[in-house]
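Following: one structure in structure tokens, then a few remarks.
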Amino acid sequence: MSKNYRAELVGVIGDPVDGNPTGVMEEAGFAALGLNFRYLTIKVLPQDLEDAIRGVRAFHMRGINLTMPHKVQVIPYLDELTEAAGIIGAVNTVINQDGKLIGENTDGKGFMIALENEGIPVKGTHITMLGAGGAAKAIAVECALAGASEIKIINRDKTRGVALAELITSRTGCTAEYIPWTEKKTVPADTNILINGTSAGLFPDIDMCPDLDYATIHEGMTVCDVVFNPVDPLFLQKSRANGARTVNGIGMLVNQGAMNFRLWTGREAPVDVMYKTLEAEFSEE
Ligand code: NDP
């Protein structure tokens, strides 16, 4: 049999994209399983997105990740969307199934797997979400589809907060409510899971954290953060100081990467290798 010198291609397109660490994690996974896959980190400007997606088809890429500012704008160039991607209205992962490009959103699913791995159930819980941007939306929709009984959305911008609450109430079986973000916001006492879905605390602003009355966080709560750099943001440190159990953003990042790995390669992802690679990457900063 003749040798195959052609690598299977996947990657991420966005702008800015230079600081995106996903490629290091995915390539470590490919190497661990001896797969001839390459993960390319590609700068694509908004006006070139359509051409870039044509390129995904022309290069027979197995799939692609999308990051800022393409997650919503890519939709018209795809052939199909999964249920969650359709409700969220954003795609972070494309799978090329024999020439058909399918848009999926694995951000929220990665978060759900991270919670499941910690043995934290979502069904029947009261969730309080800080933020209403892309990450908050993806997580809130997945929590709603997984049977959360109620989601409270606390966001600075009212329009975005109300829109997310309405989306959840109208498109899933869960009820959601918007709550304005006033100074030193009280966390609703019946909260089972509190999630920081904002970028407050993200490197380099590591001394920042969501403006809450931290005394209202208690030991009955699980507190999660989407911020993964730093690995243990101030928000989680303060929540733990009040007795809450905490879950960091690395689990979400690694598990969505592992899910993408499975969707593209058809192989189970070496999650431990991918986790350790990312952790090492961040500890270098
Ligand atoms: P968006 O720009 O879509 O949304 C940002 C959200 O954060 C908005 O709701 C905004 O509020 C809010 N916000 C920003 N700063 C503050 C602040 N100081 N106080 C209160 N609210 C604030 O960003 P994304 O949703 O794409 O990303 C958010 C975070 O999630 C980033 O840190 C990103 O790195 C992280 N992320 C993590 C992933 C993981 O796998 N762990 C995956 C994807 C993202 P407003 O609407 O009022 O402006």
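Numbering (our numbering), first residue to last: 6 to 290. Just so you know, even glycine gets a beta-carbon here, dropped at the ideal spot from N, CA and C. Model, not experiment: these values are computed from the prediction.
Please list the terminal residues of the continuous alpha helix (DSSP H) segment that includes residue i.
i	result
F35	T27 to L38
T282	V276 to S288
K114	D112 to N122
E55	L54 to A63
G104	Note, G104: premise wrong, no alpha helix (DSSP H); not H, not E.
Could you please give the first and the last residue of the uninterrupted beta strand (DSSP E) stretch that includes residue i?
i	result
I92	Taken as a continuous stretch (DSSP letters only), I92 belongs to no beta strand (DSSP E), being part of the alpha helix (DSSP H) at E88 to I93.
V79	Looking at the DSSP string, V79 is not in any beta strand (DSSP E), and its letter there is neither H nor E.
G68	G68 to L71
R43	F42 to K48
I211	No beta strand (DSSP E) holds I211; DSSP gives it neither H nor E.
G225	Run containing G225: none; DSSP gives neither H nor E here.
Kindly indicate if chain D contains any beta-carbon less than 7 Å away from that of residue i.
i	result
R59	Looking for chain D here will not work: only one protein chain is present.
Evaluate contact between the stretch 144-152 and the stretch 78-93, counting only Cβ atoms and requiring at least three cross-stretch pairs below 8 Å.
yes
Would the stretch 131-141 and the stretch 98-109 be scored as touching if the rule is three or more Cβ pairs under 8 Å?
no
Fully enclosed by the stretch 127-205, which alpha helix (DSSP H) runs are 4 residues long or longer?
Along the stretch 127-205, the alpha helix (DSSP H) occurs as fully enclosed runs of 4 or more residues at 139-150 and 163-176, listed in sequence order.
As an exercise, report each continuous alpha helix (DSSP H) stretch of at least 4 residues that is fully enclosed by the stretch 231-258, in chain order.
239-246
Across the stretch 242-249 and the stretch 270-284, are there enough close Cβ pairs to call them in contact, namely three or more that are closer than 8 Å?
no
Residues near ligand 1, criterion Cβ-heavy atom distance below 6 Å:
D112, G115, G136, A137, G138, G139, A140, A141, N160, R161, D162, R165, T203, S204, A205, L207, P215, V231, V232, F233, G254, M257, L258 and Q261
Three-pair Cβ contact test at 8 Å for the stretch 51-67 versus the stretch 77-88
yes
I want to know whether the stretch 178-188 touches the stretch 109-116 - three or more CB-CB distances under 8 Å.
Short answer: they don't touch.
Does the pairing of the stretch 260-270 with the stretch 231-241 give three or more beta-carbon distances under 8 Å?
Under the Cβ criterion (8 Å, minimum of three pairs), the stretch 260-270 does not count as touching the stretch 231-241.
Cβ contact check for the stretch 37-47 and the stretch 16-25: 3 or more pairs under 8 Å:
yes
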